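Using the working numbering, read the sequence shown as starting at 2 and increasing by one per residue. Contents: one structure, followed by commentary.
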Amino acid sequence: MSRPHCVRCERPLSHCLCSLVPKLESDTRVLILQDPREAGHALNTARLAWLGLARAARVVAEHFDEALWTRPGWQAYLLFPGQDARPAAPAAPGAPRRLLVVPDATWRRARAMVARHPALAALPRLGLPAQGPGRYRVRHADLPGALSTLEAVAAALNALESTDRFDALLAPLERLVQGQIDGMGRARYEAHHLRREGSRARKERAGG
């Protein structure tokens, strides 16, 4: 029999994160475009970003209508790396309000998502300021230094609004990570983590 789950954070009731999820106002709107395979992943963090922000929307689909990010009076930006990506920074006085579009998928699927939506790919891109190591150390990242969606949203909003108050979004992530490590057992986690990091380092050396 499956364990009862919280209908809000979708975690098992015994590991509910809702008490740690803030409800933060932001000048920037956030639109999360979520791959359906991420929506059902036990360790997905986009839902926590959506729950923690008063001006956030989450759409789960394979294909997205550009009307989602085309809003009168708002300028949409795609939070996605690229050669033409500009560092996220506060807006100039009088600039249009900003809508941050955030793909939520594995790196490979996120690239495919952007590629199959020309209107999405055409949006001006924003990149993140240099970050330290990610806190999301219980799920394999496709790229070195990659952040979870929740971490990326928090970092982007901090940069866009010249603040650090969006760090409050990360509180449930800390609990999620620690709960997963406790469930695995410290020894098993460390062995798995070190093996994974060693495999990545070998691939980087082979590729370089």
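Don't be surprised by glycine CBs; every beta carbon is placed ideally from N, CA and C. Every value quoted in this text rests on a predicted model; they were computed, and no experiment measured them.
Assigned secondary structure, residue i (DSSP; H/G/I helix, E/B strand, else coil)
i           : result
residue 6   : strand
residue 86  : coil
residue 105 : strand
residue 51  : helix
residue 13  : strand
residue 100 : strand
residue 59  : strand
residue 115 : helix
residue 25  : strand
Beta-carbon proximity of residue i to residue j, cut-off 8 Å
i           : j           : result
residue 88  : residue 53  : no
residue 56  : residue 47  : no
residue 31  : residue 101 : yes
residue 99  : residue 75  : yes
residue 210 : residue 103 : Missing from the structure shown is residue 210; the chain here goes from 2 to 209 and no further.
residue 36  : residue 126 : no
residue 122 : residue 116 : yes
Residue i versus residue j - alpha carbon distance
i           : j           : result
residue 107 : residue 178 : 18 Å
residue 142 : residue 95  : Annotation note: pLDDT 49 at residue 142 (below 50); position unreliable, coordinate value reported separately. The alpha-carbon atoms of residue 142 and residue 95 are separated by roughly 38 Å.
residue 91  : residue 170 : 19 Å
residue 3   : residue 12  : 12 Å
residue 26  : residue 67  : 25 Å
residue 45  : residue 93  : 34 Å
residue 119 : residue 61  : 18 Å
residue 175 : residue 72  : 34 Å
residue 8   : residue 161 : 31 Å
residue 158 : residue 51  : 13 Å
Neighbour-count burial assignment, residue i, 16 or more Cβ in a 10 Å radius
i           : result
residue 130 : exposed
residue 64  : exposed
residue 19  : exposed
residue 43  : exposed
Rounded distance between the beta-carbons of residue j and residue i, thought under 8 Å
i           : j           : result
residue 105 : residue 33  : 5 Å
residue 14  : residue 5   : 5 Å
residue 69  : residue 173 : Not confirmed; about 26 Å, so no contact.
residue 153 : residue 167 : About 11 Å separates the two Cβ atoms, so there is no contact after all.
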